[in-house]
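**Q** All letters in the first sequence, in the order written, are residues 81 to 371 by my numbering. Don't be surprised by glycine CBs; every beta carbon is placed ideally from N, CA and C. Please read through the structure below; I'll follow up with questions.
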Amino acid sequence: MPELPEVETTRRQIEKIMRGRRIERVDTTEPSYFFLTPPDRLRRRLGGRRIERLDRAGKYLLAELDDASHLLLHLGMTGQLFSSEAASVRLLSATARSSLSPEAQTRFEPDQHTHLRFVFEDRGTEVFFRDVRKFGKVEWLAPGQSSPRLDLLGIDALLVTGELLFDVGRHRKTSIKAILLDQSVSAGIGNIYADEALFLAGVRPGRAARRVTRRECEAIAGFVRQVLERSIETGGSSINDYVAPDGSDGGYQDERKVYARTGEPCLRCETPIKRKLVAQRSSHYCPGCQK
DNA sequence: ACCGCACCCTGAGCGC
DNA sequence: TGCGCTCAGGGTGCGG
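In structure tokens, the structure reads:
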């Protein structure tokens with residue numbers, strides 16, 4: 081779900097709200113898998129700090145604080161970072177929504193899945209991090225402390241080149257899709273945009289990376305950059321239950337050509353789209369267009 | 001060094 | 001109506 085475009089869209093919207101503001105306090109849920117830094121420590125470290133900026137590295141968000149420490153966030157599969165200003169019941173599933181009172185449906189209240197709540201000193205708009213499945217992550221980094229997670233990231237996917245994919249691919253004994261999903265090669269591509277870019281490039285996801293030509297690698301890289309940029313332009317997104325921080329649906333859903341279109345006719349040649357497991361991810365491709 | 005796989009977690013959707 | 005099953009994909013870590 082949240083791949084580079086969704087994370088970048090989130091960054092742009094949330095930075096506007098967080099930047100330059102001082103945190104009065106942070107509310108958290110209980111310790112869990114989600115917290116790389118224990119929640120009590122997180123509350124202590126963040127209280128009183130001003131947020132200088134919000135950056136993105138691959139699918140990670142990195143907030144810089146005024147004491148030179150950093151807050152690292154990852155949305156995982158179901159993470160949502162949003163503001164109270166824009167928060168709406170659209171963040172909840174249809175069934176969860178229908179169980180709420182009409183009043184509760186118009187104003188967001190933190191629930192058991194809301195792991196972080198930023199309350200600012202000016203008591204204005206609040207920011208929430210909600211994550212149902214807890215695949216998301218939050219970690220506080222002391223000044224100067226490096227993060228293995230960040231250090232492992234390859235070049236940002238918006239800058240990926242065919243040359244890089246070709247050079248990496250020729251030495252690996254795995255599929256081209258696995259290369260695209262490998263965050264240490266290029267950071268930011270997820271399952272959906274990988275399928276879309278491979279479709280546009282005419283290369284099947286399961287093809288051995290070493291069998292992909294230099295020319296094809298150039299095409300793949302070009303389409304990766306294109307679909308990511310296009311998705312950011314349209315407000316980022318790719319999947320049914322993604323909701324942007326302002327509560328709106330992402331705009332990219334209507335542009336998917338293969339992802340989640342199993343059995344439907346290819347938009348180019350009308351061959352039914354196939355679904356197959358590649359790199360432990362459901363992968364969608366057109367047997368007619370992709371070789 | 002690299003690959004494939006199990007696992008972390010919860011909700012939606014489906015068949016019976 | 002409700003139970004049990006499968007699926008969803010982000011990342012980590014381990015065995016081969």
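Going by the DSSP bridge assignment, what does residue 364 pair with across the sheet?
**A** Position 284 of the first sequence, counting from 1, holds the residue named residue 364. Beta-bridge pairing links residue 364 to 355.
**Q** To the nearest angstrom, report how far apart residue 107 and residue 307 are at their CA atoms.
**A** Here residue 107 refers to the residue found at position 27 of the first sequence. Here residue 307 refers to the residue found at position 227 of the first sequence. Whole-angstrom Cα-Cα distance: 37 Å.
**Q** Leaving aside the five residues before and after residue 137 along the sequence, list all residues of the same chain whose C-beta is less than 7 Å from its C-beta, in chain order.
**A** Taking the first residue of the first sequence as position 1, residue 137 is located at position 57. Within the same chain, residue 137 has close Cβ partners 230, 233, 267.
**Q** For residue 162, which beta-bridge partners are listed by DSSP?
**A** For the purposes of this step, residue 162 is taken as the residue at position 82 of the first sequence. DSSP output for residue 162 lists 208 as bridge partner(s).
**Q** What span of residues does the alpha helix (DSSP H) with residue 309 cover, start to end?
**A** One-based indexing of the first sequence puts residue 309 at position 229. Its alpha helix (DSSP H) spans residues 294 to 313.
**Q** Just mark residue 201 as buried or exposed, buried being the case when its beta carbon has 16 or more other beta carbons within 10 Å.
**A** Here residue 201 refers to the residue found at position 121 when the first sequence is read from its first residue. So residue 201 ends up on the exposed side.
**Q** For residue 108, report the span of its beta strand (DSSP E) as first-last.
**A** Working through the first sequence from its first residue, we reach residue 108 at position 28. 103 to 108 is the span of the beta strand (DSSP E), which, as asked, contains residue 108.
**Q** Select from 109, 117, 203, 143 the residue whose C-alpha is nearest the C-alpha of residue 92.
**A** Along the first sequence, one-based indexing puts residue 92 at 12. For the residues 109, 117, 203, 143, the minimum Cα distance to residue 92 belongs to 143.
**Q** Measure the CB-CB distance between residue 134 and residue 141 and report whether it falls below 8 Å.
**A** Counted from its first residue, the first sequence places residue 134 at position 54. Counted from its first residue, the first sequence places residue 141 at position 61. Cβ distance < 8 Å, so residue 134 and residue 141 count as in contact.
**Q** Take residue 146 and list the residues in its own chain whose beta-carbon comes closer than 7 Å to its own, dropping the five residues that flank it on each side.
**A** The residue you call residue 146 lines up with position 66 of the first sequence. For residue 146, where only same-chain residues beyond five positions count, the Cβ hits under 7 Å are 129, 130, 132.
**Q** Specify whether the segment 269 to 286 and the segment 352 to 365 touch according to this definition: at least 3 beta carbon pairs, one from each stretch, less than 8 Å apart.
**A** They touch, by the three-pair rule.
**Q** Does the distance from the CB of residue 245 to the CB of residue 301 come in under 8 Å?
**A** Locating residue 245 in the first sequence gives position 165, where the first residue counts as 1. Locating residue 301 in the first sequence gives position 221, where the first residue counts as 1. Yes, Cβ-Cβ distance for residue 245 and residue 301 is below 8 Å.
**Q** Give me, in chain order, the residues of the same chain whose beta-carbon lies closer than 6 Å to that of residue 242; leave out the 5 immediate sequence neighbours on both sides.
**A** Along the first sequence, one-based indexing puts residue 242 at 162. Result list for residue 242: 297, 298, 301, in chain order.
**Q** Am I right that residue 207 and residue 198 are in contact with their C-beta atoms under 8 Å? What's the rounded C-beta distance?
**A** What you label residue 207 is simply residue 127 of the first sequence in a count that begins at 1. What you label residue 198 is simply residue 118 of the first sequence in a count that begins at 1. Yes, residue 207 and residue 198 are in contact; Cβ-Cβ is about 4 Å, under 8 Å.
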